[in-house]
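Numbering that gives the first Met the number 0 puts the first residue of the sequence shown at 0, with every later residue one more than the last. Heads up, the beta-carbon is just placed ideally off N, CA and C, and yes, glycines get one too. This structure is a prediction, so every number in the text was calculated from the model and none was measured.
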Amino acid sequence: MAVGNKKERLLMRFSHVAAPKGSKQANAAAKAALKGTHSQKQRKVRLSTTFHQPKTLSLARNPKFPRKSIPHLPRLDEHKIVKHPLNTESAMKKMEENNTLVFIVDIKANKAQIKGALKKLYDIDTVKINTLIRPDGTKKAYARLTPDVDALDIAANKLSLV
0 MAVGNKKERL
10 LMRFSHVAAP
20 KGSKQANAAA
30 KAALKGTHSQ
40 KQRKVRLSTT
50 FHQPKTLSLA
60 RNPKFPRKSI
70 PHLPRLDEHK
80 IVKHPLNTES
90 AMKKMEENNT
100 LVFIVDIKAN
110 KAQIKGALKK
120 LYDIDTVKIN
130 TLIRPDGTKK
140 AYARLTPDVD
150 ALDIAANKLS
160 LV
């Protein structure tokens, strides 16, 4: 015998419960049977088609052991950056007229690295560095010195060019 109504099916299932009709316990049981003991959660209306994953806490890495046993030495230290000073006629002319020293430097070195290397090696303060790549594939750096120091003096004493 198939009973279509949910209410009737539940009443048939709990008809054997022996509680006096109209008692509080019986009414509560009947109500629980009809409504269910789990409350129904209201569904949240989604207004956007995209789902945004909430940001979760990402902890800093704390490795048990280093992946590299010994870190690599600096690939471009000051001795690798500045290869040698240039003492051609045009370089000497730059020294005399523009207070500029000319160096051959590593191809990968940038102007800030060249400036730092000159400061460390020769204790030279530079106003600006100009660089160019020569046709033979090397990089040339023009180091313009501050007005208070003389390029010829530094070339003679520290670089032993003149």
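Inter-residue Cα distance where the pair is residue i and residue j
i    : j    : result
V104 : H83  : 7 angstroms
H51  : Q41  : 21 angstroms
N86  : M94  : 10 angstroms
Q39  : S47  : 24 angstroms
A59  : L72  : 25 angstroms
D147 : N129 : 20 angstroms
Q112 : Y141 : 13 angstroms
R133 : L56  : 52 angstroms
L160 : P65  : 47 angstroms
A28  : R45  : 36 angstroms
S68  : N61  : 16 angstroms
E7   : K43  : 32 angstroms
K5   : P53  : 41 angstroms
L75  : M91  : 28 angstroms
K118 : T49  : 55 angstroms
Option nearest residue i by Cα separation, candidates the options
i    : options             : result
V126 : P134, H78, G115     : G115
K110 : M91, E77, M94       : E77
Y121 : L131, E96, F102     : F102
V81  : L100, M91, K34, E96 : L100
G187 : I106, A32, I123     : The question about residue 187 has no answer here: the residues shown for the chain are numbered 0 through 161.
Identified DSSP bridge partners for residue i
i    : result
H83  : I103
I132 : K138
K127 : R143
Sequence-distant residues of the same chain with beta carbon closer than 6 angstroms to residue i, five excluded per side
i    : result
L131 : K139
N98  : L144, A150
Neighbourhood of residue i by C-beta, 7 angstroms cutoff - its chain only, sequence neighbours within 5 removed
i    : result
K157 : Y121
For a minimum of 4 consecutive residues, which ranges assigned as the alpha helix (DSSP H) are wholly contained in the region 26-68? List check, alpha helix (DSSP H) in window: nothing returned.
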